[in-house]
Structure formats: structure tokens, C-alpha cells
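Residue numbers (UniProt numbering): 1 to 346.
By construction, the Cβ of each residue, glycine as well, lies at the ideal position given by its N, Cα and C atoms.
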Ligand code: SF4
């Protein structure tokens with residue numbers, strides 16, 4: 001019988017999963033993965049920063065926060081033609097979903113029509129669309145939905161009890177409120193977090209417990225590994241044991257069996273063997289390449305080669321009456337390359 005979808009995981013249960021012998025944990029996670037997903041299909045997304053840098057928030061991991069000296073130059077919202085150019089390249093490289101991130105605390109009312117026009121144009125290319133714009137105001141989610149947005153990314157970042165160590169400019173509850181607005185508008189949610197920020201294993205369990213106990217499991221769960229960026233407060237964070245990262249993927253897989261777990265930021269720093277373990281443990285989605293995205297991008301070529309070596313294939317997208325769906329039960333989506341709720345990779 002398929003594993004039950006639960007929303008009442010206790011911390012002790014999640015900690016106990018993390019503590020399983022590694023092989024036992026992977027066996028269990030992979031069994032859950034096979035019950036609900038094609039184990040050889042990987043949903044492929046591409047991420048574009050449509051508004052880079054200059055963010056007023058203080059997320060300790062993020063090079064786009066204007067208060068940190070990281071060398072990221074603030075830019076305005078991209079023009080629609082530039083976004084379409086990138087979206088066409090992403091599709092040609094094999095992406096089925098195009099994720100657009102803006103480094104805002106949240107969009108202003110005047111920003112929404114501009115983003116909505118971009119979303120509509122990208123959707124018109126036959127790509128699934130995802131946006132990550134930060135905290136939403138009244139009506140924003142519905143306007144984006146009406147424009148053709150499929151997913152909204154908004155990560156809860158870390159465990160509730162560790163949140164105040166990482167971010168001081170917003171509350172955990174702010175994130176939950178935006179997620180509720182997104183669900184209420186009928187958008188799919190992409191929601192995950194970051195590991196390797198100095199949290200304990202119990203706090204990693206707390207992040208995954210919080211995700212699994214949301215009123216609805218996010219259709220997409222990006223699990224990011226911190227990429228320490230010089231100039232940010234986490235520049236010298238202790239690297240996480242790669243097997244601990246694999247455990248986090250496996251536990252997410254078990255807790256949210258129907259969601260698509262994304263192997264997200266930090267993937268490019270992993271060797272191929274660790275990535276293969278993550279796919280076995282239940283990861284079913286990636287961002288293609290490291291940066292966007294031109295033909296011949298060596299990161300994209302490396303990803304294609306890894307797919308060939310592991311006999312993986314990209315998840316197809318099919319169109320039904322103007323709506324684009326990934327071909328597996330419930331799809332996945334994007335996020336800032338770091339896994340915040342808003343913006344783009346370093
Ligand atoms: S993670 Fe997002 S909200 Fe936080 S500083 Fe970076 S761009 Fe801003």
C-alpha cells in the first residue's frame with residue numbers, strides 16, 4: 001500500500017528518520033520514491049534573475065542583500081524581450097519550467113503588472129512558469145495566477161527556532177502568510193529551505209517537519225545546500241558532510257511522498273556520485289546548468305552527460321487546453337538559487 005500522506009509528523013519521528021543507518025534510510029526513501037514517481041525521470045527547470053541585487057532584506061546567506069559587500073550590482077527589472085530570449089534558450093536546452101526571481105522584500109503594486117506581462121509571455125512559449133518575488137501583498141497572487149503563473153516559490157529557509165539566527169528583517173510567520181495567499185489563489189507552491197547554515201541535525205529535521213506539516217505539501221520542495229559567498233555573514237560556514245545532505249533529501253522524500261524534491265543550490269559543488277545518491281534518495285528535479293544559459297554552456301553539457309551516465313531522462317511537459325503540466329502527478333518549481341523565497345543564485 002502506498003505510504004500515507006501525513007501532516008502530523010512529530011519532531012522525534014523526523015529526527016529518528018535522520019538517525020537511521022544510511023543504507024536503511026536510502027532504501028526506505030527510494031521505495032517511497034518508486035511508489036509515487038518515475039525514478040528515472042527528472043524535472044528540469046531553469047532559473048533567471050529578472051531583477052538582481054539591491055535587496056533590503058538581511059538573509060545571512062544571500063549575496064543580493066545590499067548591506068553585504070559581495071560585488072553583486074543592483075539591476076532593474078529586465079525587459080520582457082530579454083526574458084523571452086533567455087526563456088527560449090532554456091527551452092532549447094531542455095527545460096520544461098522557467099523560474100523567474102526578483103530580489104525584492106516583496107513586489108510593489110506597480111511591479112505586478114510588469115511581472116504579469118513577463119509571465120504571460122513566457123507561458124506563451126509553452127513553458128511552465130514559476131516566480132519568486134518575496135512577500136506578496138493583497139491580490140498579488142491572484143493577479144499572477146490570472147497572468148498564467150503555475151508556481152510560486154517561497155521558501156521557509158530553515159527551522160522555525162533557527163530562523164532568527166539567519167534573518168532579522170522578517171518573521172517566520174510572514175512566510176507562512178504569503179504561502180497561504182499563494183495556495184488560496186490556486187497556485188502551486190514551491191517551498192523548501194537551505195541546509196548547511198550551521199544548524200544542528202535536529203534543526204534540519206525541524207525544517208523538514210515544518211514543510212511536511214504545512215496544510216498542503218508543496219508540490220515542489222527545493223532542498224538547497226549553502227553555497228558560502230564571500231562578504232555574507234555565512235561566508236565561513238562549516239561545510240556540511242555530503243552524506244548529511246543526502247539524508248536531508250531522503251527524509252524530505254519520505255515525509256512528502258507526492259512532492260517533487262529538487263536538488264537545488266549547491267548541486268554544482270557536489271561531485272557526480274553524491275548527485276547520483278541524491279537521485280536515488282528521491283530527488284526528482286534540478287535546475288539545469290549553473291548560470292543561464294546559452295547554447296554550449298559547459299554546465300548544461302555536464303548535466304546532459306550526467307543524465308546519460310545515469311540513464312535519467314527529463315520529465316516531459318504536455319499541454320492541455322492551454323495549460324502546461326509536467327507528466328508526473330504533481331510538479332515542481334523554482335526559487336532563488338540559494339533557496340530564499342525570492343531571488344536568484346549567486
Ligand atoms: S534571499 Fe531573497 S529576500 Fe533574502 S536578501 Fe536575498 S534576495 Fe533578498
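Legend entry - Buried or exposed by the 16-neighbour rule on C-beta atoms within 10 Å, applied to residue 313: The residue you call residue 313 lines up with position 313 of the chain shown. The residue is exposed, with fewer than 16 neighbouring Cβ atoms inside 10 Å.
Legend entry - Spatial neighbours of residue 77 in its chain, beta-carbon cut-off 8 Å, leaving aside the 5 residues before and after: Translated into positions along the chain shown, residue 77 becomes position 77. Contacts found: 50, 51, 102, 111, 114, 115.
Inset, instruction - Taking only heavy atoms of the ligand SF4 into account, decide whether any of them is closer than 8 Å to the Cβ of residue 62. - result: Taking the first residue of the chain shown as 1, we reach residue 62 at position 62. With a cutoff of 8 Å, residue 62 counts as near the ligand SF4, since its C-beta is closer than that to a heavy atom of the ligand.
Inset, instruction - Select from 186, 125, 172 the residue whose C-alpha is nearest the C-alpha of residue 140. - result: Residue numbering aside, residue 140 sits at position 140 when the chain shown is read from its first letter. Selected option, being the one with the closest Cα: 186.
Inset, instruction - Locate the beta strand (DSSP E) running through residue 108, then write down its first and last residues. - result: To locate residue 108, count along the chain shown from 1; it is residue 108. Counting along the chain, residue 108 falls outside any beta strand (DSSP E), and DSSP gives it neither H nor E.
Inset, instruction - Using three-state DSSP, classify residue 274 as helix, strand or coil. - result: The sequence position of residue 274 within the chain shown is 274, counting from 1. Residue state for residue 274 is assigned as helix, using DSSP reduced to three classes.
Inset, instruction - Might you give, ordered along the chain, the residues of its own chain that have their beta carbon closer than 8 Å to the beta carbon of residue 119, omitting 5 neighbours on each side? - result: In the chain shown, residue 119 corresponds to position 119, counting from 1. In the same chain as residue 119, and ignoring 5 residues on each side of it, the C-beta atoms closer than 8 Å to its own belong to 100, 129, 131, 144, 147, 148, 149, in chain order.
Inset, instruction - Kindly indicate the opening and closing residues of the beta strand (DSSP E) around residue 262. - result: Counting from one through the chain shown, the residue named residue 262 turns up at place 262. 260–263 is the span of the beta strand (DSSP E), which, as asked, contains residue 262.
Legend entry - Rounded distance between the beta-carbons of residue 194 and residue 224, thought under 8 Å: Taking the first residue of the chain shown as position 1, residue 224 is located at position 224. Taking the first residue of the chain shown as position 1, residue 194 is located at position 194. Yes, residue 224 and residue 194 are in contact; Cβ-Cβ is about 4 Å, under 8 Å.
Legend entry - Burial state of residue 243, where buried means 16 or more other Cβ atoms lie within 10 Å: Taking the chain shown and counting its residues from 1, one reaches residue 243 at position 243. Looking at its Cβ environment, which holds fewer than 16 other Cβ atoms inside 10 Å, residue 243 is exposed.
Inset, instruction - Check whether the Cβ of residue 174 lies closer than 8 Å to any heavy atom of the ligand SF4, and answer yes or no. - result: By 1-based counting over the chain shown, the position of residue 174 is 174. Outside the cutoff, so no.
Legend entry - Pairwise C-alpha distance: residue 268 and residue 249: Here residue 249 refers to the residue found at position 249 when the chain shown is read from its first residue. Here residue 268 refers to the residue found at position 268 when the chain shown is read from its first residue. Rounded to whole angstroms, residue 249 and residue 268 show a C-alpha spacing of 16 Å.
Legend entry - DSSP-derived helix/strand/coil call for residue 172: Within the chain shown, residue 172 is the residue found at index 172, counting from 1. Three-state DSSP puts residue 172 in a helix.
Legend entry - Unbroken stretches of the alpha helix (DSSP H), 4 residues or longer, contained in the stretch 170–249: If one requires a minimum length of 4 residues, the alpha helix (DSSP H) runs lying completely within the stretch 170–249 are 172–184, 201–212, in chain order.
Inset, instruction - Name the one or two DSSP bridge partners that residue 5 has. - result: Mapped onto the chain shown, residue 5 falls at position 5. DSSP, once it has assigned bridges, lists no residue as partnering residue 5.
Inset, instruction - Pair every Cβ in the stretch 5–22 with every Cβ in the stretch 60–70, then say whether three or more of these pairs are closer than 8 Å. - result: The stretch 5–22, when compared against the stretch 60–70, does not touch it at the 8 Å Cβ threshold.
Legend entry - Length at least 4, wholly inside the stretch 112–173: the alpha helix (DSSP H) runs in chain order: Unbroken alpha helix (DSSP H) runs of no fewer than 4 residues, entirely contained in the stretch 112–173, are found at 140–147, 163–166, following chain order.
Legend entry - Whole-angstrom distance between residue 217 and residue 142, CA atom to CA atom: Working through the chain shown from its first residue, we reach residue 142 at position 142. Working through the chain shown from its first residue, we reach residue 217 at position 217. Just so you know, the alpha carbons of residue 142 and residue 217 end up roughly 20 Å apart.
Legend entry - Pairwise C-alpha distance: residue 109 and residue 29: In the chain shown, counting from the first residue as 1, residue 29 sits at position 29. In the chain shown, counting from the first residue as 1, residue 109 sits at position 109. Taking the straight line joining both Cα atoms gives about 43 Å.
Legend entry - residue 167 CB to nearest heavy atom of the ligand SF4 below 8 Å: Looking up residue 167 in the chain shown gives position 167. Residue 167: yes, Cβ under 8 Å from the ligand SF4.
Inset, instruction - Compute the beta-carbon to beta-carbon distance between residue 369 and residue 205, rounded to the nearest angstrom, for a pair I have assumed lies under 8 Å. - result: Beyond the ends of the chain as shown, which are 1 and 346, falls residue 369; an answer cannot be given.
Inset, instruction - Determine the DSSP secondary structure at residue 67, reduced to helix, strand or coil. - result: Residue mapping note: residue 67 aligns to position 67 of the chain shown, counting from 1. In the displayed model, residue 67 falls within coil according to three-state DSSP, outside both helix and strand.
Inset, instruction - Say yes only if the C-beta of residue 130 is nearer than 8 Å to one or more non-hydrogen atoms of the ligand SF4, and no if none qualify. - result: The residue you call residue 130 lines up with position 130 of the chain shown. Taking the Cβ of residue 130 as the reference point, every heavy atom of the ligand SF4 lies at 8 Å or farther away.
Legend entry - Reference residue 60, options 236, 125, 22, closest by Cα: Within the chain shown, residue 60 is the residue found at index 60, counting from 1. If you compare the alpha carbons of 236, 125, 22 with that of residue 60, the shortest gap goes to 236.
Legend entry - Cβ-based burial, residue 71 [other Cβ within 10 Å; buried from 16]: Here residue 71 corresponds to residue number 71 of the chain shown, with the count starting at 1. The C-beta of residue 71 has fewer than 16 other C-beta atoms within 10 Å across all chains shown, which makes the residue exposed.
Legend entry - Rounded separation between residue 276 and residue 214 - CA only: Along the chain shown, read from residue 1 onward, the residue named residue 276 stands at position 276. Along the chain shown, read from residue 1 onward, the residue named residue 214 stands at position 214. So the alpha carbons of these two residues sit roughly 29 Å apart.
Inset, instruction - Go to residue 17, then tell me how far its beta strand (DSSP E) extends in each direction, as first and last residue. - result: Here residue 17 refers to the residue found at position 17 when the chain shown is read from its first residue. Residue 17 -> not in any beta strand (DSSP E); alpha helix (DSSP H) instead, spanning 11–18.
Legend entry - residue 271 classed as buried or exposed, judged by whether at least 16 other C-beta atoms fall within 10 angstroms: Within the chain shown, the letter at position 271 stands for residue 271. Classification for residue 271: exposed.
Legend entry - Close beta carbons around residue 167, own chain, < 8 Å, minus the five adjacent residues each side: What you label residue 167 is simply residue 167 of the chain shown in a count that begins at 1. Counting only residues of its own chain and dropping the five nearest sequence neighbours on each side, residue 167 has a CB closer than 8 Å to the CB of 57, 58, 59, 60, 157.
Inset, instruction - Measure how close the beta-carbons of residue 94 and residue 234 come, nearest whole angstrom, since I'm counting them as under 8 Å. - result: Position 94 of the chain shown, counted from the start, is the residue given in the question as residue 94. Position 234 of the chain shown, counted from the start, is the residue given in the question as residue 234. At roughly 32 Å, the Cβ-Cβ gap does not stay under 8 Å, so residue 94 and residue 234 are not in contact.
Inset, instruction - Just tell me which of 316, 209, 127, 232 has its CA closest to the CA of residue 221. - result: Here residue 221 is taken as the residue at index 221 of the chain shown, counted from 1. Of the candidates 316, 209, 127, 232, the one whose C-alpha sits nearest the C-alpha of residue 221 is 209.
Inset, instruction - Could you tell me how far apart the beta carbons of residue 256 and residue 43 are, in whole angstroms, since I believe they sit closer than 8 Å? - result: Numbered from 1 along the chain shown, position 256 holds the residue referred to as residue 256. Numbered from 1 along the chain shown, position 43 holds the residue referred to as residue 43. Going by Cβ atoms, the distance from residue 256 to residue 43 rounds to 15 Å, so no, they are not a contact pair.
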